[in-house]
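So in numbering that gives the first Met the number 0, spot 107 of the sequence shown is number 106, and the numbers just go up one at a time. Every residue gets a Cβ at the ideal spot worked out from N, C-alpha and C, and that includes glycine. Have a look at the structure below, then the notes.
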Amino acid sequence: MAGAGPAGAATAIRAALAGLSVVVVEPRTAPIDKACGEGIAHSAVDYLIRLGVDVPGRPFHGIRYLDDTHSVDARFTSGPGRGVRRTALQSALAARLAALDIPVIRSRVGPITQTTTSVTAAGLTARYLAAADGLHSPIRRQLGLNHPPTNHPPPNASSAGPASPNPFNSLGRLFQHAPHGAPGAVRRGLRRHFTVAPWTDLVEVYWSRLGEAYVTPVADDLVGVAVLTSARGTFDSHLDAFPALRRRLRTARPATAVLGAGPLRQRVRTRTAGRVLLVGDAAGYVDALTGEGIAVALRTSAELVDCLRADRPQDYDAAYRRVSWECRLLTASLLWSRNRRLLAPHIVPTAARLPTLYRTIVNRLS
């Protein structure tokens with residue numbers, strides 16, 4: 000297993016519980032931090048608990064969209080999500096790895112070699128290598144699995160692996176090949192925490208022409224604020240685009256330094272190369288707009304382990320697409336609208352006019 004972030008640790012834990020022998024290779028020292036929204040859907044919390052992970056944090060009960068004049072709430076029907084400091088989640092996952100006696104080797108993977116029956120990396124030889132080494136995965140790059148950045152139609156569909164049994168491919172291509180320099184084409188995220196009592200039991204998403212600001216309650220005296228945008232600037236300058244949020248934070252004290260991540264959009268040709276399988280952000284990423292990164296990573300990591308147990312790595316890419324297509328479709332659709340100047344200002348007003356539809360979509364994602 001390459002990587003001990005949430006996707007890598009969860010994959011290792013599930014594999015060990017399934018009776019497989021696992022070693023994790025991770026160069027960073029725990030707990031590993033990352034710029035992210037830190038909201039975990041109820042389904043993902045439930046999955047982690049079933050893996051034996053003691054999930055910390057603060058419950059939240061829905062999602063609120065806001066702009067300058069509109070606000071609309073969608074409360075969860077299946078159960079609360081949880082706002083969790085990334086470092087706290089990492090510590091909980093590390094504790095579970097230790098409880099299962101899963102070795103974590105502090106090293107880089109380095110060059111990878113394969114045969115028809117094994118793969119060798121970081122001085123270790125195993126039947127398979129699951130790669131969860133992040134958004135800008137060195138393993139994905141080393142194996143040539145990145146989709147080449149182009150502004151022309153994609154290569155023959157055969158290069159992208161098995162066809163997906165869903166409509167995501169056509170809509171995904173529509174978004175992926177938007178004109179270079181289109182609004183929101185290259186999106187990044189910045190995150191900072193503030194010491195303040197959460198003012199709501201919802202995750203708030205503030206919308207403006209600059210982008211989105213996510214506010215997640217992660218403790219009784221702490222909120223995380225993540226800004227997603229294609230604009231250049233500092234975290235503080237970006238907050239000026241969200242005056243209502245700026246007023247909320249007027250007396251709050253910054254509790255952490257600003258962390259950044261991006262570009263967010265990462266395309267892959269396929270998620271398998273011989274006996275190497277990509278999972279988590281390394282397996283490709285649409286955007287953080289719907290906040291479903293960890294839920295998708297956990298869902299697809301379960302498919303990865305099932306494919307390895309069956310000794311059928313060739314089935315993984317299709318399985319990944321099957322269990323993630325709905326989230327990828329909804330995220331790409333929303334992002335496509337966000338990137339259109341005529342449509343973007345109407346996203347929150349439309350959700351406010353159609354609250355039942357908005358609640359249905361939010362609960363479908365969660």
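Excluding sequence positions up to five before and after Leu-248, its CB lies within less than 6 Å of the CB of Phe-193, all in the same chain and listed in chain order. Contact between the segment 315-322 and the segment 264-281 is present: three or more C-beta pairs spanning the two stretches fall below 8 Å.
Classified as exposed, Ile-48 has fewer than 16 neighbouring CB atoms from the shown chains inside 10 Å of its CB.
Under the 8 Å Cβ criterion, the segment 72-81 counts as touching the segment 352-363, having at least three qualifying pairs. Around the beta carbon of Gly-4, a 10 Å sphere encloses 16 or more other beta carbons of the protein chains shown; the residue is thus reported as buried. Counting of Cβ neighbours within 10 angstroms places Thr-114 among the exposed residues, the total staying below 16. Between Ser-323 and Val-295, the CB-CB gap stays under 8 Å. Nearest to Val-195 by alpha-carbon distance, out of Leu-209, Gly-210, Val-214 and His-345, is Val-214. Only residues of its own chain outside the window of five on either side were considered, and among them Leu-297 and Ser-300 have a CB closer than 6 Å to the CB of Ala-9, listed in chain order. Closest in C-alpha terms to Thr-289, from the list Arg-27, Met-0, Ala-40 and Ala-230, comes Ala-40. DSSP places Glu-25 outside both helix and strand once states are collapsed to three, so it counts as coil.
Annotated as distal: Ala-230 and Ala-34, with beta-carbon spacing of 8 Å or more.
A Cβ-Cβ distance of about 6 Å is found for the pair Val-83 and Val-217, placing them in contact under the 8 Å criterion. In the structure shown, the three-state DSSP call for Ala-1 is strand.
With respect to Leu-19, Leu-303 sits apart: the two C-beta atoms are not nearer than 8 Å.
In the assembly as shown, Ser-136 is a buried residue. Its beta-carbon has 16 or more other beta-carbons within 10 Å.
Judged by DSSP secondary structure, Ile-111 falls outside any beta strand (DSSP E); it is assigned neither H nor E.
Taking C-alpha positions only, Ile-293 is separated from Asp-305 by approximately 18 Å. A distance below 8 Å separates the beta carbons of Gly-210 and Thr-228. For the pair Leu-263 and Ile-62, the CB atoms are not nearer than the 8 Å cut-off. Check the Cα spacing between Ala-14 and each of Arg-85, Val-118 and Leu-96: the tightest is with Leu-96.
Secondary structure at Tyr-319: helix, using DSSP grouped into helix, strand and coil.
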